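Let me begin by presenting the structure, written as structure tokens, before commenting on it.
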Amino acid sequence: MTAGVILEKMSGAERVAYLAGIIEGLAYARYVKDDKQAAGMGCIYDWFYKTRGRSLDIEKAFGRYKEHSPGAIVAALVTKECGK
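As numbered in the working numbering, residues 79 to 162 make up the sequence shown, in order.
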């Protein structure tokens, strides 16, 4: 599924739930990668849940990169803020 499909086929509520799933997966993967240290995971959660308008930022990126994987797009955005 591409980012374009997410924008075209999902309602706003469905997109928010889908994005929350991506964030959960990225945060847990970071926690495991960091040997169960929570700082990186916390950065990812804060980046998504504590930043006003973050879902809109992600949707704009989905619009720019419609043929790409939604998870890859979100991972790239998260990496800018929270590192690898």
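Even glycine gets a Cβ: it sits at the ideal position worked out from N, Cα and C. Since the model is a prediction, treat every value here as computed from it, not as a measurement.
To the nearest angstrom, report how far apart GLY122 and VAL156 are at their CA atoms.
Walking along the sequence shown from the start, residue 122 turns up at place 44. Walking along the sequence shown from the start, residue 156 turns up at place 78. Sequence inspection shows Ile at residue 122; the Gly mentioned does not correspond to that position. Going by the C-alpha atoms only, they are around 7 Å apart.
Indicate whether VAL152 and ILE84 have their beta-carbon atoms separated by less than 7 Å.
What you label residue 152 is simply residue 74 of the sequence shown in a count that begins at 1. What you label residue 84 is simply residue 6 of the sequence shown in a count that begins at 1. Cβ distance not < 7 Å, so VAL152 and ILE84 don't count as in contact.
Validate contact between the stretch 101–119 and the stretch 137–148 using beta carbons, cut 8 Å, 3 pairs
Contact fails: fewer than three Cβ-Cβ distances are below 8 Å.
For a quick check, are the C-beta atoms of MET119 and ARG132 less than 7 Å apart?
Residue mapping note: residue 119 aligns to position 41 of the sequence shown, counting from 1. Residue mapping note: residue 132 aligns to position 54 of the sequence shown, counting from 1. Not in contact: MET119 and ARG132 (Cβ atoms no closer than 7 Å).
Tell whether a beta-carbon distance below 7 Å holds between PRO148 and ALA91.
For this step, residue 148 is matched to residue 70 along the sequence shown. For this step, residue 91 is matched to residue 13 along the sequence shown. It is not a contact, given that the beta carbons lie outside the stated cut-off.
Tell me which residue opens and which closes the alpha helix (DSSP H) that ASP112 is part of.
For this step, residue 112 is matched to residue 34 along the sequence shown. Counting along the chain, ASP112 falls outside any alpha helix (DSSP H), and DSSP gives it neither H nor E.
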